[in-house]
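Visitor: These protein sequences, in sequence, are chains R and A.
Going left to right, the first sequence walks through residues 1 to 133 as the numbering used here numbers them.
Going left to right, the second sequence walks through residues 134 to 266 as the numbering used here numbers them.
In this text, a Cβ means the ideal position worked out from N, Cα and C, and glycines have one as well.
Number of protein chains: 2
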Amino acid sequence: MNIGDVAALSGLPAKTIRYYEDIGLVKPLRSSNGYRTFRESDAHKLAFLGRSRALGFSIEDCRNLLALYEDEKRASAEVKDIAKQHLERIDHKIAEMKQMRATLAHLVHACAGDHRPDCPILADLATKQGDED
Amino acid sequence: MNIGDVAALSGLPAKTIRYYEDIGLVKPLRSSNGYRTFRESDAHKLAFLGRSRALGFSIEDCRNLLALYEDEKRASAEVKDIAKQHLERIDHKIAEMKQMRATLAHLVHACAGDHRPDCPILADLATKQGDED
DNA sequence: ACTAGGGCTTCCATCAACTGGAAGGTCAAC
DNA sequence: GTTGACCTTCCAGTTGATGGAAGCCCTAGT
Numbered sequence: 001m002n003i004g005d006v007a008a009l010s011g012l013p014a015k016t017i018r019y020y021e022d023i024g025l026v027k028p029l030r031s032s033n034g035y036r037t038f039r040e041s042d043a044h045k046l047a048f049l050g051r052s053r054a055l056g057f058s059i060e061d062c063r064n065l066l067a068l069y070e071d072e073k074r075a076s077a078e079v080k081d082i083a084k085q086h087l088e089r090i091d092h093k094i095a096e097m098k099q100m101r102a103t104l105a106h107l108v109h110a111c112a113g114d115h116r117p118d119c120p121i122l123a124d125l126a127t128k129q130g131d132e133d
Numbered sequence: 134m135n136i137g138d139v140a141a142l143s144g145l146p147a148k149t150i151r152y153y154e155d156i157g158l159v160k161p162l163r164s165s166n167g168y169r170t171f172r173e174s175d176a177h178k179l180a181f182l183g184r185s186r187a188l189g190f191s192i193e194d195c196r197n198l199l200a201l202y203e204d205e206k207r208a209s210a211e212v213k214d215i216a217k218q219h220l221e222r223i224d225h226k227i228a229e230m231k232q233m234r235a236t237l238a239h240l241v242h243a244c245a246g247d248h249r250p251d252c253p254i255l256a257d258l259a260t261k262q263g264d265e266d
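1) Is there at least one Cβ from chain R nearer than 8 angstroms to A/Val212's Cβ?
2) Let me make sure I understand the geometry here. Which of R/Val79, R/Pro117, R/His86, R/His44 has the alpha-carbon closest to that of A/Glu211?
3) Would you list the residues sitting across from R/Arg30 in a DSSP beta bridge?
4) Quick check on DSSP: helix, strand or coil for R/Ser58?
5) Please state if the CB of R/Met1 and the CB of R/Phe136 are separated by a distance shorter than 8 angstroms.
6) Considering only the beta carbon of each residue, do A/Arg196 and A/Leu158 sit closer than 8 angstroms?
7) Any C-beta of chain R within less than 7 angstroms: which residues of the stretch 231 to 254 of chain A qualify?
8) So if I threshold CB-CB distances at 8 angstroms, which residues from the stretch 161 to 186 of chain A count as touching chain R?
9) Return no unless some Cβ of chain A is closer than 8 angstroms to the Cβ of R/Glu60.
10) How far does the alpha helix (DSSP H) with R/Gly4 in it extend, from its first residue to its last?
11) Quick one: grab the DSSP three-state call for A/His248.
12) So within the stretch 54 to 103 of chain R, which uninterrupted alpha helix (DSSP H) runs reach at least 4 residues, ignoring any that extend past its ends?
13) Classify R/Leu25 as helix, strand or coil using the three-state DSSP reduction.
14) Keeping to the same chain, check which residues put their C-beta closer than 6 angstroms to that of A/Leu142; ignore five residues upstream and five downstream.
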């Protein structure tokens, strides 16, 4: 398979696949004309990568997951651990975003949003703490 | 004020402040020894930037907000609009993360997490759609 | 045989938003 | 006069790609 074929199969752009080769996530063969030649297993790996990334795993996580995926004797605990850590990061991020959202929603709500210059949003950004003289 | 002072006041690292100067967000003066000299207004701007960034506004948003902040005749509607757009982006992002979280939580829950190699997480990553031969 | 097109190759640059580090100038204190 | 903190610039690296240029390669059509 050439790169265009695995790109279509995996849903990843060819550019991304080349990048994944660069960073050592896949190691396609080369045919005599210099073209990358992907085996079935490479296509599987790329699809795996696409799905892991879609779940927000970092490239390094993906690298570990891929190694575990290829290791028939891995313990599921190792995988679960990576996933759980990622889950925690996601939870943390969600909480952070919700906090931001709440503050911002409050400001947006407080702002008249008309032609006048008075703007609680700017006022808040300008003076929240450390500036109360 | 030297950079260390505004850094302490604004809570931003000196590196970041230099970077903000690079990209034209602040324009401190220079004293004869080449050191940056920050006025009160610069310190205010940096604090403003710190808070805007903490709310997740992009640098370009910050640039616009800062311009509006400095424009005494701005219409609050302009500010509100930027904030509302940002709010939408946040909502979108939160929804996305929640979706990821749900999928991942499901997988983590399904995985025994023991010494055995069977792992529903890897199985799912490996075969979800496009692979049912 | 020639040409047009599409696909493939490499390499280099760019994005966001910093951050780290090296090499070196400056300043206040002891 | 020398330490040590603070300042300067510049270059590289981070994460995860993405865009583009220059240039092979291959197939189909004429």
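Guide: So, from the data block:
1) yes
2) R/Pro117
3) Partner(s): R/Arg36.
4) coil
5) The question about residue 136 of chain R has no answer, for chain R in this structure spans 1 to 133.
6) yes
7) For chain R, the residues of the stretch 231 to 254 of chain A that bring a beta carbon within less than 7 angstroms of one of its beta carbons are Lys231, Met233, Arg234, Thr236, Leu237, Ala238, Leu240, Val241, Cys244, Ala245, Gly246, Asp247, His248, Arg249, Pro250, Asp251, Cys252, Ile254, in chain order.
8) Listed in sequence order: His177, Ala180, Phe181, Arg184, Ser185.
9) no
10) 3 to 10
11) coil
12) 59 to 70
13) coil
14) Ala176
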